[in-house]
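Asks: So the protein lines, in turn, are chains A and B. The first sequence: position 455 = 455 (my numbering), numbered continuously. The second sequence: position 597 = 1597 (my numbering), numbered continuously. C-beta atoms are modelled at their ideal positions from N, C-alpha and C, and glycine is treated no differently. Small disclaimer: the values here were computed from a predicted structure and weren't measured.
Number of protein chains: 2
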Amino acid sequence: MNNPVSVVIRNLTPTFNEGRAAVKRSIGQDLTVEADIFREGHDIIRASLKWRRLHGQVWNETAMMPLGNDRWRGTFPLLQIGICEYTIEAWGDEFLSWQEEVQKKFDAGLYELTNEALEGAQIIEAGARRASGSPDAEILTKLARRAQTVSAHELRSFCEDPELVALMSYWANRELSTTLHPFRKVRVDPRRASFSAWYEFFPRSAEGKADSGSKFRDCLNRIEDAKAMGFDVIYFPPIHPIGETNRKGRNNSLKCEPGEPGVPYAIGNFRQGKNGGGHRDVAPELGTLEDFEWLVKETRRRHLEIALDFAINCSPDHPYVHEHPEWFFKHPDGSIKYAENPPKKYEDVYPLNFYNKNWKALWEELSDVLLFWCARGVTIFRVDNPHTKPVAFWEWVIAKVQTAYPEAIFLSEAFTRPKMMHELAKIGFTQSYTYFTWRNTKQELTDYFTELTQTEVKDYFRPNLFTNTPDILPEFLQQGGRPAFLIRAVLAATLSTTYGIYSGFELCENIAIPGKEEYLDSEKYQFKARDWNAPKNIKKFLTSLNRIRHENRALQFFETLRFHPIDNDRILFYSKATPCKENILLIVVNLDPFQTQSGYLQVPLKNFGWLENNAYEVEDLLSGEHFFWSGSQNYVSIDPLTRPAHIFRVRRWLGRKKGLDHYA
Amino acid sequence: MNNPVSVVIRNLTPTFNEGRAAVKRSIGQDLTVEADIFREGHDIIRASLKWRRLHGQVWNETAMMPLGNDRWRGTFPLLQIGICEYTIEAWGDEFLSWQEEVQKKFDAGLYELTNEALEGAQIIEAGARRASGSPDAEILTKLARRAQTVSAHELRSFCEDPELVALMSYWANRELSTTLHPFRKVRVDPRRASFSAWYEFFPRSAEGKADSGSKFRDCLNRIEDAKAMGFDVIYFPPIHPIGETNRKGRNNSLKCEPGEPGVPYAIGNFRQGKNGGGHRDVAPELGTLEDFEWLVKETRRRHLEIALDFAINCSPDHPYVHEHPEWFFKHPDGSIKYAENPPKKYEDVYPLNFYNKNWKALWEELSDVLLFWCARGVTIFRVDNPHTKPVAFWEWVIAKVQTAYPEAIFLSEAFTRPKMMHELAKIGFTQSYTYFTWRNTKQELTDYFTELTQTEVKDYFRPNLFTNTPDILPEFLQQGGRPAFLIRAVLAATLSTTYGIYSGFELCENIAIPGKEEYLDSEKYQFKARDWNAPKNIKKFLTSLNRIRHENRALQFFETLRFHPIDNDRILFYSKATPCKENILLIVVNLDPFQTQSGYLQVPLKNFGWLENNAYEVEDLLSGEHFFWSGSQNYVSIDPLTRPAHIFRVRRWLGRKKGLDHYA
């Protein structure tokens, strides 16, 4: 070591995985960093927060401020998508320590300060040398000369001279500074990563025909309908060739009748497609790759994005089976193993062995598949069952894809144990599916979303709240009828900033296989007739929700969610606000799809910086009704059959001037 | 990478400073480690906790056990003083996963298991290859052969064969295991580091003469007296030559009269001693280095240790001033700066500049000083003001000394801001002075000791509770008379496992400079007359406390301290217990030195695993009185003038047999 470490920098936040994983933010957001910073003795410390693009050459920097008890804070803006690295540099500041010494001595009545003046001159001269080549050098040289000749009284004000202080701050002696290692990282995602509404549909079901499938060229109506509802990401289940061997029939039957379309998750058919019939091809029944590229372009023209499903499943007809048999698990007799979860058998899917002797080739191939689709305009991937593949693979492949396409977004569909879900988020997944689907009661929702928004989880885990999926028709939706769909839509759209629905939700489809949470006659296995404008649909309601999300910045911040008291266990009451509180929403949801529920809620006036006697306007953004409230306690009554929630925008009333009400 | 990382290992505890600092334990203790351990898919995971001497060749290992929710725990014993490194190795276990598959399939009624049997044979054969060279190889080869021929029914029991399971567990396939990096460390200290009682005295005051100093050869009486009271570490303030230039007189006077002995902390007099008159010499008025070595040997013969003060202070007469002027701070005119804390001046002390151009030589020299005294039988150092020297210096020098003398103990005298105090403990100090001296009320003591014993602090910070020091005569002792000394002694001796007193405490000396917490006529500056057996001394009481500490293992555990309710704010009620609860103490201290206080306390029967109606014997170890209690609520009344505390040993009463009471 050339210089010993002089400053201790510890307990930096946000941090997790011992500082080795990147914090998540999206473009335009800030990152606020805190740390304990201290050193021996009494020198005055300065600390600088420094950031740059990953492996960049030049640091940006901003001063950190002490909060007391040796805790420091600094904030920097995130203006470029990609990975940004940051660190802290701190040092005992020679000039400020000298200034304080002069102040203290003079103020204590010690006027013999010749040595101090000469010492100051030396410190300033050294500053001038560091500034050499800049016009500041000359100014500092003059100031140093002045320091040599000033009287004690003059020295007292000289040491606080604003020009001197500013220049010595800029040209500080950092020879003995300490820089935090290893550098920390923040991953800056596109805005869509932290604020978006997803709409999932099977391209083959675009037109809702009972006995045949739609093609890519038929999908624009569905996409425009989704756009009209306010969705901005269109997510397709796998679009690749579907295997024929052991193909499943309707309702997951082992027997497949001729003409049945098969499950899109049984990927690969070496007989189809230009690129081998695997993950780089589209199923010919949907059209050609050119058709798909046309659809991507048309969708983008409408300011929506298409997300693809990245499902690492191989049907027995996948080209890998022949080209790379070494990538699969084998029986002792050399035959390839199908997937099993004893006693269940999945004979139409061969799992890949990520640890096979030729694993590097497999990993490279899978990353190439992702890059193939990125090159064709798809940079959003919903990843199927990532928890059944090595975490190390995801860490590697996401970093690789995002190096080439920094805007790429990966949504983790890991419905699994909590620690695995969180780890996948920490190592790179942009968004994550959640347990939301199974959280229904007030206590469950409060506990879960308090954990997601009020703990370190908020810095790495972005919940994408799906109300339903092709695999999950929750019991609450099966039982609760149309009101249940409205309730879950409000919750999904307001508890998090990203959410999604699987098509059919807007039609309140709720027929399950008895005793299961799976759809009866699921379109995973068959063509499906649908009237996309069927009566009693909730498309208008969804449209309102998405409009409210766009018009209210409060719904674009995730971690400002707070739950508040209401004296009824069937009503959930929470608020969302922007950090500066210029947009505040109070959201009240009747969780009971059958009965009207009422109660007294406690508006958290203190959280908004309001007084107990402030009057405020309350506007229900769903109904357009206006109310005038004052005080914290107010009454609500909600009939789920008409509208199961209030989304109140609240504004403090400042008074009436020239016949007009004014609001803060 | 040769193999991809297959298992995720996270959130290891205990941990602090992001895993880079060593946990503290003492010899004979265990270390219990927990971590989140998981991987993709459904394979059965095994995890092994591994440990060895730092940089050792061979790992010891023990199986970790799953606690649920992917959390695992393992414990290993610490049997050797020094640094021990440890890590976790975890893997998906091929054999156990195969075993589970066979069990599940068979139990689900699938009896066609030929492939499974052959696969098992392959797995066992591979185990035999790993065992080659051991007698196990042959047994495994036979078992593999059997696997090839067994029926499905036989396979079901064969896969659970105890010999097979044991051998396949031992010879597990760890080719794809993951090992946690970097390795973690635990510092194993001698027992004295975590359990000892310190007695501090100035050697020149050993005989208590008013006008002249004692010598090393006169110290044995004082040491034997301390031993009789039950102390086991004798701590001397600096014993080195004392500077003459600007020597301070009595009560810190700037004027020193001829014959005044000077402050031992103004170290160095180039006119004295064989080794330059600095930190390697003893003051000639105390005797010779040989006399000191004789005293060390005599003290050790009595099973006590001498601790020296490591004070990096230089008087203007220190040999370094002439030999290494570059090690000091200088005025612009080239003269050396004395210590200042404006407006205070310390003209008898020159501080060292740890960042001078020749800093490496300074650091080496200081480490050589410590090694010099280690070689002379002193391995316990009380370090003066470590927070005014670089943290990096302490980290380096403590590691260096402990590499040569693993038993070395460093006590940090950092009365400073909390984060610096904690950091010094994290980077290597064995024990630390605390804020105990200024914590007097029930709330203050409860809060402080809850933080020290119930948070991660317990894994790195060992509080050595000093009741007083030559610099600190707390107001409580000044005001509260003899009862205050008894109260603080009980608290110090029972709240922590290490504590100390500065001599004079046992005589209840409490005359301060008015308005300050400093001793009047402090022996730091002068000779001091004392009758070491003065009337009203509390030597018997201290002797009882130390005896109780030795006889009750509960007082040798730090983190089992718990506070319990009592309905009087002037009474502190807490318990100490061994982990297995075979020794339980209830300690009740009247914090009011003036008045009798009484109240109802709540015995935490549940904590001991007792029932509400259990009867138990309560023995006051200070008075010898016995009581019989039952239920949790009991009454105490404590007169501080007779005895300000109860130390109850409690034992559950099992019943009477043959005329004798039996206890658990």
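1) Can you have a look at B/Met1001 and say buried or exposed, based on whether 16 or more other CB atoms are within 10 angstroms of its CB?
2) Beta carbon of B/Gly1599, beta carbon of B/Asn1552: below 7 Å?
3) Where in the segment 276-324 of chain A do unbroken runs of the beta strand (DSSP E), each at least 3 residues long, occur, reported from the N-terminal end onward?
4) Could you check what DSSP says for B/Met1001 in three-state terms: helix, strand or coil?
5) Would A/Arg482 and A/Gly208 be called neighbours here (beta carbons separated by less than 7 Å)?
6) Which of helix, strand or coil does DSSP assign to B/Asp1368?
7) Name the DSSP beta bridge partners of B/Leu1096, please?
8) Consult DSSP for A/Leu586 and reduce its assignment to one of helix, strand or coil.
9) Counting only beta-carbon atoms, is B/Lys1458 nearer than 7 Å to chain A?
10) How about B/Ser1026 and B/Arg1191: are their beta carbons less than 7 Å apart?
11) In the DSSP assignment, the alpha helix (DSSP H) including B/Met1064 goes from what residue to what residue?
12) At the 7 Å Cβ level, is A/Met64 part of the contact set with chain B, yes or no?
13) Would you say B/Arg1376 reaches chain A, if we count a Cβ-Cβ gap shorter than 7 Å as a contact?
14) Using a Cβ cut-off of 8 Å, pull out every chain A residue sitting near B/Leu1118, in sequence order please.
15) What does DSSP give as the partner residue(s) for B/Tyr1448 in the beta ladder?
16) Do we get a CB-CB distance below 7 Å when we pair A/Gly92 with the residues of chain B?
17) By the 10 Å Cβ neighbour count, where 16 or more other Cβ atoms means buried, how is B/Ile1223 classified, buried or exposed?
18) Taking all protein chains shown into account, decide if A/Asn533 is buried (16 or more other Cβ within 10 angstroms of its Cβ) or exposed.
19) Please classify A/Thr149 as buried or exposed, where buried requires at least 16 neighbouring CB atoms within 10 angstroms.
20) Beta carbon of A/Pro264, beta carbon of A/Pro237: below 7 Å?
21) Counting only runs of 3+ residues fully inside the segment 76-163 of chain A, write out the beta strand (DSSP E) ranges in chain order.
22) Taking just the CA atoms, how far does A/Phe372 sit from A/Asp232?
23) Mind checking the segment 95-110 of chain A against chain B and listing, in chain order, the residues whose C-beta falls within less than 8 Å of any C-beta there?
24) At the level of alpha carbons, what is the spacing between A/Arg10 and A/Ser48?
25) In chain order, what residues of the same chain have a beta carbon less than 7 Å from the beta carbon of B/Pro1066, not counting five sequence neighbours either side?
26) State yes or no: is the C-beta of B/Ile972 within less than 7 Å of the C-beta of B/Ile1427?
27) Helix, strand or coil: how does DSSP classify B/Trp1532 here?
28) For a minimum of 4 consecutive residues, which ranges assigned as the alpha helix (DSSP H) are wholly contained in the segment 1189-1273 of chain B?
29) For a contact defined as C-beta to C-beta under 8 Å, what are the partners of A/Ala392 on chain B?
30) Let me see if you follow: with CB-CB separation under 7 Å, is B/Met1420 close to chain A or not?
31) Below 8 Å, can you find three or more Cβ-Cβ pairs linking the segment 211-222 of chain A to the segment 486-498 of chain A?
32) Could you give the uninterrupted runs of the alpha helix (DSSP H) lying entirely in the segment 392-450 of chain A, keeping only those of 4 residues or more?
33) Measure how close the beta-carbons of A/Cys314 and A/Gly268 come, nearest whole angstrom, since I'm counting them as under 8 Å.
34) From the DSSP output, in three-state form, read off B/Gly1480 for me.
35) Look at the Cβ atom of A/Ala99, then the Cβ atom of A/Cys159, and state whether they are nearer than 7 Å.
Replies: Result, derived from the coordinates:
1) Numbered from its first residue, the second sequence carries residue 1001 of chain B at position 1. Residue placement at B/Met1001 is poorly supported in this model, since its pLDDT is 49, which falls under 50; the coordinates still yield a value, given next. That one is exposed.
2) Against the second sequence, residue 1599 of chain B aligns to sequence position 599. Against the second sequence, residue 1552 of chain B aligns to sequence position 552. Going by C-beta atoms, B/Gly1599 is not nearer than 7 Å to B/Asn1552.
3) 305-310
4) Taking the second sequence and counting its residues from 1, one reaches residue 1001 of chain B at position 1. Since pLDDT at B/Met1001 reaches only 49, below the 50 mark, its modelled position is unreliable, and the value read off the structure follows with that caveat. It is coil, neither helix nor strand.
5) Locating residue 482 of chain A in the first sequence gives position 482, counting from the first residue. Locating residue 208 of chain A in the first sequence gives position 208, counting from the first residue. No.
6) What you label residue 1368 of chain B is simply residue 368 of the second sequence in a count that begins at 1. Three-state result, B/Asp1368: helix.
7) Looking up residue 1096 of chain B in the second sequence gives position 96. Note: B/Leu1096 sits in no beta bridge, so no partner.
8) On the first sequence, residue 586 of chain A is found 586 positions in, with the first residue counted as 1. Strand at A/Leu586.
9) Numbered from its first residue, the second sequence carries residue 1458 of chain B at position 458. Judged by the 7 Å Cβ criterion, B/Lys1458 is not in contact with chain A.
10) Residue mapping note: residue 1026 of chain B aligns to position 26 of the second sequence, counting from 1. Residue mapping note: residue 1191 of chain B aligns to position 191 of the second sequence, counting from 1. The answer is yes: Cβ separation under 7 Å.
11) As a first step, residue 1064 of chain B is located in the second sequence; it is residue number 64 there, counting from the start. Taken as a continuous stretch (DSSP letters only), B/Met1064 belongs to no alpha helix (DSSP H), as it is neither H nor E.
12) Here residue 64 of chain A corresponds to residue number 64 of the first sequence, with the count starting at 1. False, the Cβ-Cβ gap to chain B never drops below 7 Å.
13) Counting from 1 along the second sequence, the entry for residue 1376 of chain B is found at position 376. B/Arg1376 does not count as touching chain A.
14) Translated into positions along the second sequence, residue 1118 of chain B becomes position 118. Residues of chain A passing the Cβ test: His331, Pro332, Asp333.
15) On the second sequence, residue 1448 of chain B is found 448 positions in, with the first residue counted as 1. DSSP output for B/Tyr1448 lists no bridge partner at all.
16) Taking the first residue of the first sequence as position 1, residue 92 of chain A is located at position 92. Chain B contact via Cβ: absent.
17) For the purposes of this step, residue 1223 of chain B is taken as the residue at position 223 of the second sequence. Answer is buried; the Cβ neighbour count reaches 16.
18) On the first sequence, position 533 is the one that residue 533 of chain A refers to. Classification for A/Asn533: exposed.
19) In the first sequence, counting from the first residue as 1, residue 149 of chain A sits at position 149. It counts as exposed.
20) The residue given as residue 264 of chain A occupies position 264 in the first sequence. The residue given as residue 237 of chain A occupies position 237 in the first sequence. Yes, the pair counts as a contact, with Cβ atoms nearer than the cut-off.
21) 82-92
22) Taking the first sequence and counting its residues from 1, the one referred to as residue 232 of chain A is at position 232. Taking the first sequence and counting its residues from 1, the one referred to as residue 372 of chain A is at position 372. Looking at the two C-alpha atoms, the distance is approximately 23 Å.
23) Glu101, Lys104, Lys105, Ala108, Gly109, Leu110
24) Reading the first sequence from its first residue, position 10 is the one you call residue 10 of chain A. Reading the first sequence from its first residue, position 48 is the one you call residue 48 of chain A. Approximately 14 Å between the Cα atoms of the pair.
25) Position 66 of the second sequence, counting from 1, holds the residue named residue 1066 of chain B. Same-chain partners within the cutoff: Trp1072.
26) Lying before the first or after the last residue shown, residue 972 of chain B is absent from chain B, which here runs from 1001 to 1664.
27) Residue mapping note: residue 1532 of chain B aligns to position 532 of the second sequence, counting from 1. B/Trp1532: coil per DSSP, three-state reduction.
28) 1191-1194, 1220-1229
29) In the first sequence, the residue the question calls residue 392 of chain A occupies position 392. Here the neighbours are Pro1004, Val1005, Ser1006.
30) Here the question's residue 1420 of chain B lines up with position 420 in the second sequence. Closer than 7 Å: yes.
31) no
32) 418-426
33) Taking the first sequence and counting its residues from 1, the one referred to as residue 314 of chain A is at position 314. Taking the first sequence and counting its residues from 1, the one referred to as residue 268 of chain A is at position 268. Going by Cβ atoms, the distance from A/Cys314 to A/Gly268 rounds to 5 Å, so yes, they are a contact pair.
34) Counting from one through the second sequence, the residue named residue 1480 of chain B turns up at place 480. Of the three classes helix, strand and coil, the one that applies to B/Gly1480 here is helix, per DSSP.
35) Taking the first sequence and counting its residues from 1, one reaches residue 99 of chain A at position 99. Taking the first sequence and counting its residues from 1, one reaches residue 159 of chain A at position 159. Checking the displayed sequence, the identity of residue 99 of chain A turns out to be Gln instead of Ala. Contact: yes.
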